[in-house]
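Notes follow the structure.
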Amino acid sequence: MANITSAIIPGPAENMNPNLDKLHPYPFEKLHALKAGATPPAIPHIALSIGEPKHPAPGFVRDTLAGALDKLSAYPSTRGMPELRAAIADWLQARFKLRGIDPETQVLPVNGTREGLFAFAQAVIDPAQSVEKPLVLMPNPFYQIYEGACLLAGAEPCYLNCTPDNRFVPDFDRVPAETWERCQLIYLCSPGNPTGAVLDKATLGKLIALADQYDFIIASDECYSEIYFDEANPPPGLLQVCTEMGRDDYRRCVVFHSLSKRSNLPGLRSGFVAGDAAVMERFLRYRTYHGCAMSQPNQLASIAAWRDEEHVRKNRDQYRRKFQVFQQTLADVLPLELPDAGFYFWTDISAAGKGNDTEFARKLFSRQHVTVLPGSFLGRESSGINPGANYLRMALVAPVEECREAAERIKTFIKS
5 MANITSAIIP GPAENMNPNL DKLHPYPFEK LHALKAGATP PAIPHIALSI GEPKHPAPGF
65 VRDTLAGALD KLSAYPSTRG MPELRAAIAD WLQARFKLRG IDPETQVLPV NGTREGLFAF
125 AQAVIDPAQS VEKPLVLMPN PFYQIYEGAC LLAGAEPCYL NCTPDNRFVP DFDRVPAETW
185 ERCQLIYLCS PGNPTGAVLD KATLGKLIAL ADQYDFIIAS DECYSEIYFD EANPPPGLLQ
245 VCTEMGRDDY RRCVVFHSLS KRSNLPGLRS GFVAGDAAVM ERFLRYRTYH GCAMSQPNQL
305 ASIAAWRDEE HVRKNRDQYR RKFQVFQQTL ADVLPLELPD AGFYFWTDIS AAGKGNDTEF
365 ARKLFSRQHV TVLPGSFLGR ESSGINPGAN YLRMALVAPV EECREAAERI KTFIKS
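Residue numbers 5 to 420, in my numbering, belong to the letters of the sequence shown in order.
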């Protein structure tokens, strides 16, 4: 028998989805490589790099979760408990002044917005719809899940630069008609990650009209919507604008929300997607095969969280104090402009004269044991620029005194 070598028969890696090769390393992989070999001083590390809330989880949510562990013996449904969908619908109606949303047909729980945002593109993109690859539009810089979801769905990403010139909101008026014609999906992020910019109602209304004209779906990532500064002026949402336009069917519009940031529950992996019932019906079919039902204890804990607003207001108070501390501490060395909302400072460090964003981040870690995320890791080159270059994303997620210490160390670093 002739020898059959590996040179003739491809190995398992060669037979896998070729779109996997298009995925970029995740920003935190790049950050780990950037810090490799650095020897920071022997002082406690402060991480401002990951958007992982460090405030305590609400006690009543922990108690609800612990009291529901007997439910682990039952399979959960993909659609979720009626009580959870009702709690979500009630919250949406109260928060965004909706005239109504049907928990039976317009709401689905997801295991955090990251899982939902990724899965959504796999369900709605049709690569065979046209001769050219379909486009997925997204802000730039951005949450990298949008790009990965697009690529693995067989589509092509289209990056919309967010710069100081457009106040970090994509200039949708400059998108040509041929781009809209190829667009099947657009990801929005409002308040934005990393910039904190909020899309106003007029812009959201314009996008809804464009979706009608060119027949694409709007996926609005609103997971930072509950972290803002003015209690009287919360950020608007996509479904809210639909309601004000008289579109209670939310046609072509879906929103994604999460308990991770709102309720300091990143480990619960609990969120939801809501909107157009026709889209939700198809997405439910996809999710039934995807096998991503949320456990019943998590669902019961989520109901408790969505039904309470007091802990969310207290959460916002803590973020306000941290933004104030950072601004006051760094005012004379690194002027910081408050974002519209969210918990990131998106900061241009070129004026500080400390090199580019990657050099600044590596030296800051080496000398002060503080980790920040270079903005260039969150963007892609488009129209000749990477709009994240020379920016830092600083996540004010640690407790107030730890954030104060981080700001003091950054000030010392810049002045040294």
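In this text, a Cβ means the ideal position worked out from N, Cα and C, and glycines have one as well.
Keep in mind that this is a model prediction, so the values were computed, not measured.
Coil, strand or helix - residue i by DSSP
i, result
"phenylalanine 64", "helix"
"valine 401", "coil"
"methionine 20", "coil"
"proline 31", "helix"
"cysteine 162", "strand"
"threonine 9", "For threonine 9, the predicted model reports a pLDDT of 48, less than 50, meaning its position is unreliable; a value from the coordinates is still stated below. Note: threonine 9 maps to coil in three-state DSSP."
"threonine 351", "strand"
"leucine 211", "helix"
"isoleucine 92", "helix"
"alanine 46", "coil"
"threonine 167", "coil"
"serine 267", "coil"
"serine 386", "strand"
"leucine 76", "helix"
"alanine 98", "helix"
"leucine 396", "strand"
"leucine 69", "helix"
"leucine 377", "strand"
"alanine 345", "strand"
"valine 111", "strand"
"alanine 37", "helix"
"alanine 123", "helix"
"alanine 206", "helix"
"alanine 132", "coil"
Boundaries (first-last residue) of the alpha helix (DSSP H) holding residue i
i, result
"glutamine 372", "361-372"
"cysteine 154", "149-156"
Alpha carbon of residue i to alpha carbon of residue j, nearest angstrom
i, j, result
"isoleucine 92", "aspartate 336", "44 Å"
"glutamine 303", "methionine 85", "7 Å"
"proline 131", "alanine 181", "20 Å"
"isoleucine 47", "serine 274", "35 Å"
"phenylalanine 146", "arginine 118", "13 Å"
"leucine 211", "serine 420", "47 Å"
"phenylalanine 176", "asparagine 170", "10 Å"
"glycine 295", "threonine 82", "8 Å"
"serine 53", "arginine 397", "7 Å"
"proline 403", "valine 135", "52 Å"
"asparagine 319", "serine 264", "12 Å"
"glycine 104", "glycine 250", "11 Å"
"isoleucine 231", "arginine 317", "9 Å"
"threonine 183", "glycine 152", "20 Å"
"serine 10", "histidine 315", "Low per-residue confidence applies at serine 10: pLDDT is 46, beneath 50, and the placement is therefore not dependable, though the value from the model is reported in the following sentence. Rounded to the nearest angstrom, the two C-alpha atoms are 59 Å apart."
"proline 22", "leucine 141", "22 Å"
"glutamate 108", "aspartate 252", "15 Å"
"valine 128", "valine 202", "25 Å"
"arginine 266", "serine 229", "8 Å"
"aspartate 225", "phenylalanine 100", "15 Å"
"aspartate 74", "aspartate 67", "13 Å"
"alanine 123", "phenylalanine 287", "9 Å"
"isoleucine 414", "glycine 357", "14 Å"
"valine 173", "glutamate 363", "27 Å"
7 Å CB neighbourhood of residue i in its chain, flanking five on each side removed
i, result
"phenylalanine 369", "Lys39, Ala42, Pro44 and Thr375"
"glycine 200", "Pro343, Asp344, Ala345, Gly346, Tyr348 and Trp350"
"glutamate 185", "Tyr218"
"aspartate 352", "Asn394 and Tyr395"
"lysine 326", "Leu400, Val404 and Cys407"
"tryptophan 310", "Ala91, Ile92 and Trp95"
"aspartate 361", "Ile353, Pro378, Gly379, Ser380, Ala393, Asn394, Tyr395 and Leu396"
First and last residue of the uninterrupted beta strand (DSSP E) at residue i
i, result
"serine 224", "221-225"
"asparagine 115", "Premise fails: asparagine 115 is in no beta strand (DSSP E) and is neither H nor E."
"valine 337", "Neither: valine 337 is in no beta strand (DSSP E) and is coded neither H nor E."
"leucine 141", "139-144"
8 Å Cβ shell around residue i - same chain, five flanking residues per side excluded
i, result
"alanine 411", "Val329, Phe330, Thr333 and Leu334"
"alanine 78", "Gln300"
"threonine 416", "Gln372"
"leucine 35", "Ser53, Ala365, Thr375, Leu377, Pro378 and Phe381"
"alanine 159", "Ala125, Ile129, Pro131, Lys137, Pro138, Leu139, Val140, Gln188 and Leu189"
"threonine 247", "Phe100, Lys101, Leu102 and Arg103"
Spatial neighbours of residue i in its chain, beta-carbon cut-off 6 Å, leaving aside the 5 residues before and after
i, result
"alanine 383", "The sequence given here places glycine at residue 383; alanine does not occur at that position. If we look at glycine 383 and ignore the five residues flanking it on each side, its Cβ neighbours are Asn144, Pro145, Asn390, Pro391 and Gly392."
"valine 277", "Leu112, Val114, Gly120, Val258 and Phe260"
"methionine 5", "Unreliable positioning characterises methionine 5 in this predicted model, as indicated by a pLDDT of 45, which lies under 50. The coordinate reading is nonetheless provided below. Counting only Cβ-Cβ distances below 6 Å, and skipping sequence neighbours, we find nothing."
"valine 65", "Ala305, Ala308 and Ala309"
"alanine 281", "Thr109 and Gln110"
Min CB distance residue i to chain D below 8 Å
i, result
"leucine 192", "Among the protein chains of the structure shown there is no chain D, as only one such chain exists."
Only counting runs of 4 or more residues, tell me where the alpha helix (DSSP H) segments fall wholly within the segment 277-308, in order along the chain. 281-294
Every unbroken alpha helix (DSSP H) inside the segment 171-201 [4 residues or more]: 181-186
Output the residue ranges of the alpha helix (DSSP H) runs that lie fully inside the segment 221-262 and measure 4 residues or longer, sorted by chain position. 242-248
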